[in-house]
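Residue numbers (my numbering), protein chains in the order written: chain U, 66 to 422; chain X, 66 to 422; chain A, 66 to 422; chain P, 66 to 422.
Idealized CB from N, CA, C, for every residue including glycine.
Predicted model only: the values in this text are computed from it and were never measured.
Encoded as structure tokens, the structure appears first; notes follow it.
Protein chains: 4
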Amino acid sequence: MTNQLRVAVVGASGYTGGELLRLLSLHPQVTIGQVVASSKSEGLSVSSLLPNLTNIIDFQLSPLNIPALAKDVDLIFLSLPHTQSLHPVAEFLSHKKLVIDLSADYRLQDPQVYEQWYQTTHPYPDLLQQAAYGLPELHRSAIAKSQLVAVPGCYPTVAILQLAPFVAQRLIEPGSIIIDSKSGVSGAGRSPALGFHFPEAHEAIHAYKIGTHRHLPEIEQGLNSVAPTSGTDVSDPISLMFTPHLLPINRGILSTAYAKLQSNIDPSELENIYQHFYQDEPFIRVFPKAEAVNPRNLRGANFCDLSYTYTARTNHVISSGAIDNLVKGAAGQAIQCMNLMVGFPETLGLTSPGLFP
Amino acid sequence: MTNQLRVAVVGASGYTGGELLRLLSLHPQVTIGQVVASSKSEGLSVSSLLPNLTNIIDFQLSPLNIPALAKDVDLIFLSLPHTQSLHPVAEFLSHKKLVIDLSADYRLQDPQVYEQWYQTTHPYPDLLQQAAYGLPELHRSAIAKSQLVAVPGCYPTVAILQLAPFVAQRLIEPGSIIIDSKSGVSGAGRSPALGFHFPEAHEAIHAYKIGTHRHLPEIEQGLNSVAPTSGTDVSDPISLMFTPHLLPINRGILSTAYAKLQSNIDPSELENIYQHFYQDEPFIRVFPKAEAVNPRNLRGANFCDLSYTYTARTNHVISSGAIDNLVKGAAGQAIQCMNLMVGFPETLGLTSPGLFP
Amino acid sequence: MTNQLRVAVVGASGYTGGELLRLLSLHPQVTIGQVVASSKSEGLSVSSLLPNLTNIIDFQLSPLNIPALAKDVDLIFLSLPHTQSLHPVAEFLSHKKLVIDLSADYRLQDPQVYEQWYQTTHPYPDLLQQAAYGLPELHRSAIAKSQLVAVPGCYPTVAILQLAPFVAQRLIEPGSIIIDSKSGVSGAGRSPALGFHFPEAHEAIHAYKIGTHRHLPEIEQGLNSVAPTSGTDVSDPISLMFTPHLLPINRGILSTAYAKLQSNIDPSELENIYQHFYQDEPFIRVFPKAEAVNPRNLRGANFCDLSYTYTARTNHVISSGAIDNLVKGAAGQAIQCMNLMVGFPETLGLTSPGLFP
Amino acid sequence: MTNQLRVAVVGASGYTGGELLRLLSLHPQVTIGQVVASSKSEGLSVSSLLPNLTNIIDFQLSPLNIPALAKDVDLIFLSLPHTQSLHPVAEFLSHKKLVIDLSADYRLQDPQVYEQWYQTTHPYPDLLQQAAYGLPELHRSAIAKSQLVAVPGCYPTVAILQLAPFVAQRLIEPGSIIIDSKSGVSGAGRSPALGFHFPEAHEAIHAYKIGTHRHLPEIEQGLNSVAPTSGTDVSDPISLMFTPHLLPINRGILSTAYAKLQSNIDPSELENIYQHFYQDEPFIRVFPKAEAVNPRNLRGANFCDLSYTYTARTNHVISSGAIDNLVKGAAGQAIQCMNLMVGFPETLGLTSPGLFP
């Protein structure tokens with residue numbers, strides 16, 4: 066095939082890497098050149114790790130050889146644990162390749178914030194400045210122009226999208242935001258551990274890392290980046306609460322976000338503002354009722370489903386947001402960024418509806 | 066056996082009625098006299114509705130004949146849909162029987178609030194005044210003295226218990242409370258409906274009835290009832306946000322509650338206050354970390370597990386609370402009230418640990 | 066678009082109808098002309114019934130008007146409860162339309178068997194003879210030539226496919242077959258009932274309709290149709306045991322089939338025979354180990370995954386087979402038949418891998 | 066308390082050990098003297114491993130010191146991985162203690178069979194002869210007299226119980242038995258591994274170890290031990306097929322067993338024989354329909370629920386059997402044996418109904 070984009074996926078043994086391969090296999094303009102997994106998987110077939118891909122993607126896993134890989138492909142997806150992307154990203158960029166990094170390593174623009182939350186000094190603070198934050202609905206043009214895109218975390222994707230209309234229009238008090246999120250277990254990755262052992266995680270739910278989850282500064286950065294920054298509209302910086310919960314489902318996040326309306330806002334205007342904000346977005350669906358926002362409608366799909374409710378009782382808005390954490394929260398969003406970076410239609414290969422039930 | 070308390074359970078075809086029977090079968094001082102189900106179940110055996118009770122409780126279901134029942138037993142548990150308890154409660158009381166009502170019909174002390182949320186005029190406003198609110202940890206002596214106890218709803222049980230220490234000591238701003246609760250499907254009852262059809266509710270989560278759930282005024286009433294009411298300490302009435310979510314588990318509620326600390330409170334004192342508040346309570350377990358609060362540790366048990374986290378970032382407390390909605394949130398709490406009403410040890414028959422896993 | 070096949074889906078409120086729409090939306094050569102649901106859904110949007118299709122298929126549900134529909138489209142999928150397809154099929158055929166029926170109404174070739182198992186006389190016994198049984202791997206040419214295809218039931222699809230190589234080569238004793246199948250709840254349809262109420266079906270499994278399930282005669286017919294019928298190889302008719310079980314998963318069937326090897330068969334030849342039988346089939350994947358056959362690898366995919374084990378202990382073969390009951394067991398198979406009927410490549414629009422996890 | 070039996074539980078970090086502690090805490094005549102976990106858990110509290118036991122069993126985990134332990138208690142439960150019980154059992158016996166071993170180490174009476182299936186020579190073949198097989202319904206008097214009881218595996222418990230009436234009366238052909246069993250994940254133990262990682266095991270089912278599972282010889286031994294052994298009734302030894310499946314539930318086994326009726330048996334007599342066989346057994350419940358046999362009715366209970374169906378089509382019986390694998394399949398059965406060994410009523414402490422839902 067001509068005009069096919071040649072890509073590689075580095076880190077294919079996890080759920081995000083597997084989802085990238087699944088989605089790339091559906092993309093009409095992409096050829097998968099190489100699939101790289103951890104050294105212990107070398108020589109295995111893709112389908113030995115990802116049985117759903119049997120007869121779909123049948124080649125062998127390659128070792129990570131950056132110069133060879135850079136010769137073979139046009140664009141590299143990196144789906145590695147945080148801190149492990151730091152150097153490969155830099156190296157691929159030095160080979161003038163497009164890079165889409167799904168780890169947290171290039172998401173936080175401020176190297177000090179990175180150091181504070183990841184306990185390691187960022188070796189490439191200049192690259193942090195070049196990286197676009199891969200949330201197309203809010204940073205489309207930056208992504209299209211960038212050679213390096215850092216795909217947002219799963220929790221930040223939905224939290225930022227659900228609150229952006231309120232923040233961008235300065236409708237809510239910047240210190241009043243509370244985000245109570247619930248994630249399926251695939252969000253925790255594919256490494257077995259007692260907390261994710263079936264009998265421990267099934268019929269169970271708990272909060273974890275309250276106030277200390279690494280997605281917290283990413284959400285704050287994401288919301289601050291859409292807040293008005295000039296004129297008389299300058300807001301105080303956003304400082305929020307974020308409580309993640311582990312949910313006994315495979316895929317999906319439901320995020321419930323609370324914020325106090327500014328006293329000068331007329332709640333009857335909210336609907337127009339919210340609908341208008343996303344009216345041309347192909348992957349955002351705004352529903353009138355929270356009951357309709359449910360990750361079960363999104364399995365395998367790249368949509369972000371949103372809703373909000375206004376309560377006069379306490380003058381708050383309460384937003385429900387849902388995504389498939391592996392698609393719009395990771396691999397699908399990465400491909401949406403890829404489409405922008407290389408000039409494909411933004412939705413190409415991403416229009417499959419979710420599986421229901 | 067002598068000194069056995071003779072009880073009846075009215076409304077045994079639902080999950081709460083079934084759980085009452087299960088727990089009563091474990092109680093050493095109780096004899097089940099009659100079991101009443103809906104008219105369509107008349108003549109069936111208990112175990113045809115509740116297969117787990119086969120060979121445990123083997124008698125037939127009776128029709129509801131209040132005078133006959135009142136002659137036969139000392140105490141009646143009513144586990145009926147709301148509004149259906151209104152008249153039976155009054156009638157049993159007129160027969161001088163002890164009554165424990167598990168519906169919402171006698172929980173709200175203000176008949177106008179009842180009318181507002183249940184769209185029906187309460188026919189016995191005077192009885193509302195006599196009814197004790199069946200949360201023993203906060204209303205022990207009233208329950209012990211009362212002839213009628215209204216057992217709290219499942220959401221209010223955990224929400225009130227998790228916030229009571231803060232409210233009673235006036236540590237938090239009364240208008241700042243947000244309660245984000247997640248409940249298993251048994252909380253919705255046993256009547257089949259599309260939303261609870263397995264393929265719709267499995268691998269799913271959604272918010273529902275935001276700001277309109279009938280447990281909201283009950284939580285407010287419960288928290289206002291523990292707030293200081295005299296001296297310079299009088300608080301503003303509590304007005305809160307409550308967002309219930311439907312969770313793909315059978316049993317259990319996890320409630321995450323947020324509140325802003327009063328500016329004059331030293332957060333270092335919270336631990337002492339919280340631990341001290343519940344230190345003698347047999348059914349409250351306070352854990353240092355939110356991760357430990359999980360309904361999976363509570364299946365079948367009458368405990369309420371609690372935790373809180375303080376975050377200096379926004380000067381809030383975030384509390385995690387969990388119960389088994391059918392036990393501490395309904396049938397177990399009802400038996401705890403029964404023990405108090407008749408002078409049994411409060412924990413009698415209720416000390417089984419939860420099933421794990 | 067030119068050369069698009071115009072189709073209608075009648076019966077879109079159930080899971081099979083919904084899955085047809087999902088898969089048809091991915092098919093490059095199909096245009097959905099009309100979607101018909103039950104009369105009570107008339108005027109609603111497709112997405113009000115099938116929220117995953119929001120922004121994907123946005124038109125209104127039509128009433129069932131057969132002449133109008135026949136004018137509008139080339140091919141009709143009927144996804145109705147059994148007995149309700151009887152007349153519409155005949156009517157659509159009289160309009161010279163291609164018809165793919167997903168009900169049981171045209172699967173059993175013998176009208177007496179139909180009457181025995183469905184308690185109703187078949188009004189169109191002649192059409193039964195014209196209908197092709199829509200299992201392409203075994204009846205490809207008949208499907209390609211037929212105007213009416215009866216898509217197999219979900220259990221029969223996997224049971225017939227897993228045993229066909231043994232039966233076709235007369236390797237097993239025809240009276241020794243036992244099929245122990247386990248199905249997810251979507252196989253029971255979308256009508257709420259107590260047995261499928263989440264708390265009843267979750268954390269549960271049970272056998273049902275042992276020896277009386279209507280898929281039993283269909284499996285026997287399907288296997289008998291591949292058995293040798295001439296020469297010295299004529300087998301006794303197959304008479305088997307079939308035990309379905311309800312499983313707490315949304316989608317998927319796992320079928321474990323047992324059969325005794327004929328005494329003259331050398332088990333070392335089984336592997337060649339089994340692999341060879343399906344070697345060119347695009348939707349059959351044969352795995353060396355039963356552990357690899359798992360419906361979780363097939364969510365949304367049109368594959369049938371198979372394996373078998375030989376045990377010398379009792380000279381039996383034990384086969385594991387898995388499908389997604391809504392795809393290869395219903396909607397996907399229907400589209401595979403459609404592709405054959407109209408001359409599209411058989412795999413067109415059906416090559417998506419399963420979702421994992 | 067006087068007359069309390071003092072017991073120890075060795076191996077408390079797994080699910081079986083935890084369930085022993087839960088059930089022992091409900092037993093009115095038992096005092097738990099020591100709880101021993103693996104060396105890495107030493108010094109931890111019981112509830113740090115088993116959070117459901119918080120405030121129920123609050124002491125520290127002890128190291129394994131056999132002489133000290135033997136001084137402290139009357140009876141020891143060993144809940145260790147197979148081969149790890151071999152020496153401790155012998156040592157405790159040498160201290161004249163009663164021993165109940167929940168591992169596989171003393172279940173197989175023939176040391177050669179043990180060696181064949183566990184790949185290790187049994188160091189105490191003489192003790193194998195002394196050990197009673199802890200299935201009270203079939204070996205009650207041997208258990209009562211023995212100093213060492215080997216508690217059956219979870220699969221064998223239900224498979225032997227469901228087939229014993231047929232085998233004991235020589236109703237079925239000994240070579241025709243097929244057992245298709247489905248087990249929840251707790252049966253696999255508490256050690257995290259990829260196959261039991263929540264996203265891999267949820268929404269999934271697969272067969273495993275077909276014909277090679279170590280419970281196979283145990284089931285054969287158990288059934289052969291009830292077969293008639295003298296007169297004209299001597300049967301051929303039982304040789305069967307056993308296919309275990311992993312099921313996405315926490316607790317419970319459903320076992321579906323197939324066997325061909327002897328040609329001289331009148332199927333109309335089956336009901337009497339089956340019901341009669343278990344009519345006085347407190348923990349066996351026989352149901353008329355397979356639909357009623359479901360592990361969801363048995364969570365936490367010591368019952369074994371049974372049913373059978375006769376099919377004239379192939380002259381087979383098909384039996385459904387269910388247990389809670391951790392209770393009747395392990396810890397509950399162990400306590401039932403304990404009651405017999407020390408002369409307590411057999412059902413003491415074991416009469417709790419299952420949790421439903």
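Cβ shell of residue i (< 7 Å), same chain only, five flanking positions each side left out
i               : result
R205 of chain A : L405
E156 of chain A : I131
G83 of chain X  : A77 and L115
Short CB-CB distance (under 8 Å) between residue i and chain P
i               : result
P410 of chain X : no
N390 of chain U : no
R378 of chain A : yes
A269 of chain A : yes
Where residue i falls: helix, strand or coil (DSSP)
i               : result
A77 of chain U  : coil
Y171 of chain A : coil
T222 of chain U : helix
R87 of chain A  : helix
L371 of chain U : strand
F307 of chain U : strand
G276 of chain U : coil
R205 of chain U : helix
V236 of chain U : It is Leu, not Val, that sits at residue 236 of chain U in the sequence shown. If DSSP states are grouped into helix, strand and coil, L236 of chain U belongs with coil.
Cutoff 6 Å; reference residue i; Cβ partners in own chain excluding five residues on either side
i               : result
H267 of chain U : P313
M66 of chain U  : Only weak support exists for where M66 of chain U lies, its pLDDT of 48 falling under 50; the value from the coordinates is given anyway. If we look at M66 of chain U and ignore the five residues flanking it on each side, it has no Cβ neighbours.
Any chain X beta carbon closer than 8 Å to residue i
i               : result
R361 of chain U : yes
P422 of chain A : no
S372 of chain P : no
Any chain A beta carbon closer than 8 Å to residue i
i               : result
T148 of chain U : no
N423 of chain U : Residue numbering for chain U in the displayed model covers 66 to 422; residue 423 of chain U lies beyond these limits and cannot be assessed.
G121 of chain U : A quick correction: the sequence has Ile, not Gly, at residue 121 of chain U. So yes, I121 of chain U belongs to the interface.
E265 of chain P : yes
S144 of chain U : no
Closer than 8 Å to chain U by CB, residue i
i               : result
M66 of chain A  : For M66 of chain A, the predicted structure reports a pLDDT of 48, less than 50, and the residue's modelled location is therefore unreliable. The matter cannot be settled from this model.
S206 of chain X : no
S104 of chain P : no
C219 of chain X : no
E356 of chain X : yes
Own chain partners of residue i with C-beta closer than 8 Å, once the 5 adjacent residues on each side are dropped
i               : result
P264 of chain X : none
Q194 of chain A : Q174
L86 of chain A  : V74, A77, I97, V100, V111, L115, L118 and I122
Subject >> Complete runs of the beta strand (DSSP E) confined to the stretch 111-156 of chain P [at least 3 residues] >> reply: 140-143
**OP:** Scan the stretch 229-247 of chain U for residues whose Cβ lies nearer than 7 Å to a Cβ of chain X and list them as they occur along the chain.
**Re:** G240, I243, D245 and K247
**OP:** Taking a Cβ distance cut-off of 9 Å, strictly less, list which residues of the stretch 85-103 of chain A are near chain X, in chain order.
**Re:** none
Original post:
What runs of the alpha helix (DSSP H), each 4 residues or longer, lie entirely inside the stretch 324-378 of chain X?
Top reply: 335-342
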